[in-house]
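Numbering (our numbering), first residue to last: 80 to 486. For each residue, glycine too, the CB sits at the ideal point set by N, CA and C. On a predicted model such as this, the values are computed, not experimentally measured, just so you know.
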Amino acid sequence: MSYPESFWKPISLEKAIRICIENSVPIEDDESIPLEEALARVLAEDVTAGIDVPSFARSAMDGYAVRSVDVQSASPKHPVALRIKSSVFAGDPTRISISRGECVSIATGGMLPKGADAVVMVEHTKADMTREGSVQVLQPVSKGEHVILPGSDIRRGSVVVRKGDRLSPAKIGALSAIGRSAVRVYRRPRIVVMPTGNEVVRPGMKLKSGQIYDVNTFTIFSAASSFGADARIARIVEDDEESISKAISSQTDADIIVLSGGSSVGEKDLLAKVIEKEGEILFHGVAIKPGKPTLLGRIGRTLVLGMPGHPTSCLSNAYLFLRPMVLRMGRMPDSPTWELKLRLSANVRLPKDRKLILPVRVKGELAVPTFKESSAITSMVDADGFAVLPPSGSMARKGMSIVVRLY
80 MSYPESFWKP ISLEKAIRIC IENSVPIEDD ESIPLEEALA RVLAEDVTAG IDVPSFARSA
140 MDGYAVRSVD VQSASPKHPV ALRIKSSVFA GDPTRISISR GECVSIATGG MLPKGADAVV
200 MVEHTKADMT REGSVQVLQP VSKGEHVILP GSDIRRGSVV VRKGDRLSPA KIGALSAIGR
260 SAVRVYRRPR IVVMPTGNEV VRPGMKLKSG QIYDVNTFTI FSAASSFGAD ARIARIVEDD
320 EESISKAISS QTDADIIVLS GGSSVGEKDL LAKVIEKEGE ILFHGVAIKP GKPTLLGRIG
380 RTLVLGMPGH PTSCLSNAYL FLRPMVLRMG RMPDSPTWEL KLRLSANVRL PKDRKLILPV
440 RVKGELAVPT FKESSAITSM VDADGFAVLP PSGSMARKGM SIVVRLY
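Next up, the structure:
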């Protein structure tokens, strides 16, 4: 049985990540989707406003729409009396106009009547007890005061959201404000998670002797989906070279195929052999613990990422390798908010020749190690994230400052 020589000389974590990113080509395909489905998608077009926002002059306050010239002399001692011609509420279409000595009672958001150029806040008025249907203004206002002018928020023809922007709730709100119901976005990276192994069974099935439920597939699927990928789960593939080859070749539209448990050197681990025959291996083996057997290859246009079979290393590898691949393919920006600086809560023995991928739980300002062994599911469940610690063969001391990458 032959395996790539590179497996015996694991490359650095940094080099492996760089290879992952360099081989992840940004997607050019785009599609039109409804605005309600656009959250976190990446725009494939500049979106310009076809209207002014607001499209009409409206009141910023509850009060009275007035001609500012009529109330320049107003004061508490010498109020100016105005006749209330009508009332306007938000959403009311209005053809009302006012002349000298007139005003309109207006609610916040109401359309300013023709002739009015300012709004007096209701707090700066009082009822006119001498004339029914009138109000006394106690304070002058300037032209434009408490008025939101057309286009003061968004000008017609201006770019509201730019090509390449990832759509947040705020950006989607801006798009709805200009009346857009659909947008063109880049297609999401298609990730196929392919479980392998005669021993794994899909959750919900009855276990037979020697079988285990498939943990990694659903872990990777969930992680890929959270990264912004269009992820799906393939059927379980039997542990033989022909089955693995056929399963990979059947996924013709996949950008990345992720398999777990088929990248270690062993009698039943056949992924490397399949990739060698049908494509190329980009790397096989990374100087990390756990996760050393990680493999990346290419068959045709599809990248194939081979993950270790143990759940904890499988999850951390998804964040280390799959996440940057999805972000680059999907043209998505990285987020600095997924890292925290914390202090180790206990001493940790470091490997001599590999970086340690340490799962930790966040407890205040402390990073509490949860690692038992890479096959322990609770190491993953109890963790909020992981730290990458340098090799030394010595001890990382309690209280040491580390960077924790959150799941």
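Discussion item. Using CA atoms only, rank isn't needed, just tell me which of 285, 280, 299 and 300 is closest to residue 293.
Written reply: Cα-wise, what sits closest to residue 293 is 280.
Worksheet item: In whole angstroms, what separates the C-alpha of residue 400 from that of residue 236?
Response: So the two alpha carbons sit approximately 41 Å from each other.
Worksheet entry | DSSP state of residue 261 mapped onto helix, strand, coil | Correct three-state label for residue 261: strand.
Practice prompt. Kindly give me the distance between the Cβ atoms of residue 271 and residue 320, rounded to whole angstroms, as I take these residues to be in contact under 8 Å.
Written response: Actually they do not touch by this definition, with Cβ atoms about 19 Å apart.
Worksheet item: Considering only the beta carbon of each residue, do residue 144 and residue 192 sit closer than 9 Å?
Response: Yes; because the gap between Cβ atoms is below 9 Å, this pair is in contact.
Worksheet item: Which word fits residue 482, buried or exposed, when buried means at least 16 other C-beta atoms lie within 10 angstroms of its C-beta?
Response: Counting every other CB atom within 10 Å of its CB across the protein chains shown gives residue 482 a total below 16, marking it as exposed.
Item to complete: Take residue 337 as the anchor and find which of 405, 371 and 368 has the nearest alpha-carbon.
Response: The shortest C-alpha separation from residue 337 is found at 405.
Worksheet entry | Assigned exposure category for residue 108 - 16 Cβ within 10 Å defines buried | Exposed: under 16 other Cβ atoms inside 10 Å.
Worksheet item: Looking at the structure shown, is residue 457 part of a helix, part of a strand, or coil, going by DSSP?
Response: Three-state DSSP puts residue 457 in a helix.
Fill in: Residue closest to residue 212, alpha-carbon to alpha-carbon, out of 180, 88 and 325
For residue 212, the nearest C-alpha among the options comes from 180.
Discussion item. For a quick check, are the C-beta atoms of residue 240 and residue 153 less than 9 Å apart?
Written reply: Cβ distance not < 9 Å, so residue 240 and residue 153 don't count as in contact.
Worksheet item: Short check: CB of residue 322 to CB of residue 295, under 9 Å?
Response: No, these two residues do not count as a Cβ contact at 9 Å.
Discussion item. Which residue marks the beginning of the beta strand (DSSP E) containing residue 487, and which one marks its end?
Written reply: Missing from the structure shown is residue 487; the chain here goes from 80 to 486 and no further.
Worksheet item: Comparing alpha-carbon positions, which option in 208, 147, 362 and 262 lies nearest residue 200?
Response: If we check each option's Cα against that of residue 200, 147 comes out closest.
Worksheet item: In three-state DSSP terms, what is residue 117?
Response: Residue 117: coil per DSSP, three-state reduction.
Worksheet entry | Identity of the residue in 477, 195 and 184 nearest residue 221 by Cα | Of 477, 195 and 184, the smallest CA-CA separation from residue 221 is found for 195.
Discussion item. Is the beta carbon of residue 273 closer than 9 Å to that of residue 326?
Written reply: A contact, by the Cβ cut-off of 9 Å.
Discussion item. So, with DSSP's three-state summary, where would you put residue 149?
Written reply: Looking at residue 149 - three-state DSSP - the assignment turns out to be helix.
Discussion item. Under 8 Å: do the stretch 460–475 and the stretch 417–437 share three or more Cβ pairs, one atom per stretch?
Written reply: In this structure the stretch 460–475 touches the stretch 417–437; the number of beta carbon pairs closer than 8 Å is three or more.
Worksheet item: Can you list, in chain order, the residues of its chain whose CB lies under 7 Å from that of residue 480, leaving out five sequence neighbours each side?
Response: Its chain contains 420 and 422 as the residues whose beta carbon lies nearer than 7 Å to that of residue 480, once the 5 sequence neighbours on both sides are disregarded; these appear in chain order.
Worksheet item: Expressed to the nearest angstrom, what Euclidean distance is found between the alpha-carbon atoms of residue 436 and residue 126?
Response: C-alpha separation (whole angstroms): 43 Å.
Fill in: Residue from 203, 362 and 299 whose Cα sits closest to the Cα of residue 395
The shortest Cα separation from residue 395 among 203, 362 and 299 belongs to 299.
Practice prompt. Tell whether a beta-carbon distance below 9 Å holds between residue 252 and residue 119.
Written response: Their beta carbons are not under 9 Å apart, which means residue 252 does not touch residue 119 by this criterion.
Fill in: Same chain, Cβ closer than 6 Å to residue 263, neighbours up to 5 away in sequence not counted
Within the same chain, residue 263 has close Cβ partners 109, 111, 123 and 124.
Discussion item. Please tell me whether residue 450 and residue 373 are closer than 9 Å, where the distance is taken between their beta carbons.
Written reply: Taking C-beta atoms as the reference points, residue 450 and residue 373 fail to come closer than 9 Å.
Item to complete: Just mark residue 425 as buried or exposed, buried being the case when its beta carbon has 16 or more other beta carbons within 10 Å.
Response: Of the residues assessed, residue 425 falls on the exposed side of the cut-off, its CB having fewer than 16 other CB atoms within 10 angstroms.
Practice prompt. Please go through the stretch 131–216 and give each complete beta strand (DSSP E) segment of 3 or more residues, from N-terminal end onward.
Written response: Qualifying beta strand (DSSP E) stretches, in chain order: 142–145, 159–167, 181–185, 197–200, 204–206 and 213–216.
Worksheet item: For residue 207, which residues from the same chain have a beta carbon less than 7 Å from its beta carbon, with the 5 sequence-adjacent residues on both sides left out?
Response: For residue 207, where only same-chain residues beyond five positions count, the Cβ hits under 7 Å are 160, 213, 214 and 215.
Worksheet item: Which residue's Cα is closest to the Cα of residue 131: 103, 98, 261 and 232?
Response: For residue 131, the closest C-alpha among the options 103, 98, 261 and 232 is that of 232.
Worksheet item: Does DSSP put residue 474 in a helix, a strand or coil?
Response: Residue state, collapsed to three classes: strand.
Worksheet item: Terminal residues of the continuous beta strand (DSSP E) containing residue 419?
Response: Note, residue 419: beta strand (DSSP E), 418–423.
Fill in: Which residues DSSP lists as bridging residue 363, in chain order
According to the DSSP secondary-structure assignment, residue 363 is paired through a beta bridge with 374.
Item to complete: Identify which residue in 357, 303 and 368 has its Cα closest to the Cα of residue 379.
Response: Answer by Cα proximity: 357.
Worksheet entry | residue 321, DSSP secondary structure in three states | Of the three classes helix, strand and coil, the one that applies to residue 321 here is helix, per DSSP.
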